[in-house]
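Take a look at the structure set out below.
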Amino acid sequence: MTALTEAQRVLLARMSAAPGEREGLFPATAAQRGLWFLDQLAPGGTAYHMPALLRLRGPLDEDVLARAFQAAVDRHESLRTTFVAVDGRPLQRVRSHRRHRLTGHDATGRDLADVVAEATEAAYEPFDLRRGPLVRTALWRLASEDHLLLLTVHHIVADGWSIGLLLQELATALTGHRPADRPDGTDEPVDLALREAAAVPDGDAAGFWARVLAGAEASGLPERVDAAPEQACATVTEPLPASLPARVRAFARAARTTEHGVYLAALAAACHRMTGQDDVVIGVPHARRGSPRTQSSVGFLVTSLP
1 MTALTEAQRV LLARMSAAPG EREGLFPATA AQRGLWFLDQ LAPGGTAYHM
51 PALLRLRGPL DEDVLARAFQ AAVDRHESLR TTFVAVDGRP LQRVRSHRRH
101 RLTGHDATGR DLADVVAEAT EAAYEPFDLR RGPLVRTALW RLASEDHLLL
151 LTVHHIVADG WSIGLLLQEL ATALTGHRPA DRPDGTDEPV DLALREAAAV
201 PDGDAAGFWA RVLAGAEASG LPERVDAAPE QACATVTEPL PASLPARVRA
251 FARAARTTEH GVYLAALAAA CHRMTGQDDV VIGVPHARRG SPRTQSSVGF
301 LVTSLP
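For the sequence shown, counting from 1, position 201 maps to 201 in my numbering; every step adds exactly one.
Next comes the structure, spelled out in structure tokens:
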């Protein structure tokens, strides 16, 4: 311990602090740095908002709901995190406490479609990664036992798995129970960033993937050459038959593979049909939740792998 510098001792003390006690500036993960960079290119963009709009029917104690969200913010470090730039690189700023606000709206007697439209607009109000907060909640009271609840989180502090965890905790709290304690040793994004930085320096990571992807052809998929700054697009909706998931499961079992493998093969076949390329590199999301240390983590853990 005597060989450590004063700065290293301070960092070690921060790392060893119990949940809710750790505070200060810490490295960002590679994934967080990527989203921060995109936000610098297009400040106020909404592509990485993660909204969940829920309709709650039945008796609802709004004070209990507000306390449940405050407990989640107290429990999960990422919900008390913002991002600041130091020497041109983003760092996580963790606060030991942050007061959370549940915004209430009286929508009694209003048309449901209008309220949903208002909630949708609220979901895409820009986040400020530097000032925060990076999680917002709002409640619309349609009637005494009918509410719309909006939870919006920026992807830089959460992923799909995280949203599921938060909704589970919310449901537990609303039924009058206390969410189970997280296992000792549960990783926070700060822990992952510190471990990531120690294990693989940026240059080594770039070199590794350059070797893995050496020889891969550029995608032959058509690109828009006149892409508008607002990233507007048209969409085409094609309903799939309700029987399709069961057929995919049956095919996957027969082929001794996963449903994901079947869908991935279908996507690769479609790319081949459009480009004529035999080798297609497709990025797929990897949850990074295989360790017990990350099962109960709320944070941006998911990554894409080729």
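We put the CB at the ideal spot given by N, CA and C, even for glycine.
Helix, strand or coil for residue i per DSSP?
i: Gln-277; result: coil
i: Gly-299; result: coil
i: Phe-83; result: strand
i: Val-284; result: strand
i: Arg-211; result: helix
i: Val-115; result: helix
i: Arg-33; result: helix
i: Val-236; result: coil
i: Cys-221; result: One detail in the question is off: residue 221 reads as Leu in this sequence, not Cys. Correct three-state label for Leu-221: coil.
i: Ala-143; result: strand
i: Met-1; result: Residue placement at Met-1 cannot be trusted, given a pLDDT of 40 that sits under 50; what the coordinates show is reported in the next sentence. Three-state DSSP puts Met-1 in coil, outside helix and strand.
If you follow the alpha helix (DSSP H) that residue i is in, where does it begin and where does it stop?
i: Pro-245; result: 244-255
i: Leu-134; result: That residue, Leu-134, is in no alpha helix (DSSP H); it is neither H nor E in DSSP.
i: Ser-162; result: 160-174
i: Pro-179; result: Careful: Pro-179 lies outside any alpha helix (DSSP H) and carries neither H nor E.
i: Leu-192; result: 189-199
Considering residue i, what are the terminal residues of the beta strand (DSSP E) in which it resides?
i: Leu-102; result: 102-106
i: Leu-149; result: 146-154
i: Leu-25; result: 24-27
Suppose you measure from the CA of residue i to the CA of residue j; what does that come to, to the nearest Å?
i: Thr-303; j: Thr-108; result: 42 Å
i: Pro-306; j: Val-284; result: 6 Å
i: Val-280; j: Leu-102; result: 46 Å
i: Leu-174; j: Cys-271; result: 46 Å
i: Ala-52; j: Pro-245; result: 24 Å
i: Arg-80; j: Phe-37; result: 20 Å
i: Leu-240; j: Arg-247; result: 12 Å
i: Ala-7; j: Ala-206; result: Only weak support is given to the placement of Ala-7: the predicted model assigns it a pLDDT of 44, under 50, and the question is left unresolved by the model.
i: Val-64; j: Ser-291; result: 32 Å
i: Asp-55; j: Ala-42; result: Before going further, note that residue 55 is Arg rather than Asp in the sequence given. Arg-55 and Ala-42: Cα-Cα distance of roughly 32 Å.
i: Ala-158; j: Pro-189; result: 9 Å
i: Leu-165; j: Arg-136; result: 16 Å
i: Leu-194; j: Glu-77; result: 15 Å
i: Gly-104; j: Ser-96; result: 26 Å
i: Arg-178; j: Glu-118; result: 32 Å
i: Arg-256; j: Ala-265; result: 14 Å
i: Ala-233; j: Pro-222; result: Here residue 233 turns out to be Cys, not Ala, going by the sequence shown. Cα to Cα, Cys-233 sits roughly 14 Å from Pro-222.
i: Leu-213; j: Val-86; result: 32 Å
i: Arg-22; j: Asp-191; result: 11 Å
i: Leu-267; j: Ala-113; result: 35 Å
i: Arg-110; j: Leu-142; result: 7 Å
i: Glu-238; j: Thr-120; result: 23 Å
i: Leu-35; j: Arg-273; result: 32 Å
i: Pro-27; j: Gln-92; result: 6 Å
i: Leu-148; j: Arg-249; result: 34 Å
i: Ala-199; j: Ser-243; result: 46 Å
For residue i, tell me which candidate among the options has the shortest Cα-Cα distance.
i: Ser-297; options: Asp-187, Pro-59, Gly-215 and Val-153; result: Asp-187
i: Trp-184; options: Glu-259, Asp-61 and Arg-293; result: First, the residue type needs correcting, since residue 184 is Asp and not Trp in the sequence shown. If we check each option's Cα against that of Asp-184, Arg-293 comes out closest.
i: His-155; options: Thr-275, Gly-45 and Phe-26; result: Gly-45
i: Gly-24; options: Ala-47, Val-94, His-49 and Glu-145; result: Val-94
i: Ala-252; options: Tyr-48, Tyr-263 and Thr-275; result: Tyr-263
i: Asp-278; options: Ala-255, Ser-219 and Thr-237; result: Ser-219
i: Ala-180; options: Asp-191, Ala-138, Arg-131 and Ala-72; result: Ala-72
i: Gly-132; options: His-177, Arg-99, Arg-182 and Glu-196; result: Arg-99
i: Glu-145; options: Asp-106, Leu-134 and Ala-47; result: Asp-106
i: Leu-61; options: Ala-171, Arg-211, Ala-113 and Ala-234; result: Before going further, note that residue 61 is Asp rather than Leu in the sequence given. It is Ala-171 whose Cα lies nearest to the Cα of Asp-61.
i: Trp-140; options: Val-115, Ala-216 and Leu-129; result: Val-115
i: Asp-39; options: Ala-117, Pro-126 and Arg-249; result: Pro-126
i: Phe-83; options: Gln-168, Glu-121 and Leu-134; result: Leu-134
i: Ala-287; options: Leu-150, Gly-160, Arg-22 and Ala-85; result: Gly-160
i: Pro-59; options: Val-86, Gly-176 and Arg-89; result: Gly-176
i: Leu-129; options: Ala-143, Gly-215 and Pro-90; result: Pro-90
i: Thr-152; options: Leu-142, Ile-163 and Ala-143; result: Ile-163
i: His-49; options: Arg-22, Leu-150 and Arg-110; result: Leu-150
i: Glu-169; options: Ala-66, Tyr-124 and Gly-34; result: Ala-66
i: Arg-182; options: Arg-57, Ala-199 and Gln-295; result: Gln-295
i: Thr-275; options: Glu-217, Ala-113, Thr-235 and Ala-250; result: Glu-217
i: Leu-167; options: Ala-31, Ala-68 and Gln-32; result: Ala-68
i: Gln-32; options: Ala-123, Tyr-124, Glu-196 and Thr-235; result: Glu-196
i: Ala-123; options: Glu-259, Ala-254 and Ala-47; result: Ala-47
Completely contained beta strand (DSSP E) runs for the segment 40-92, where each covers 3 or more residues = 49-57 and 81-86
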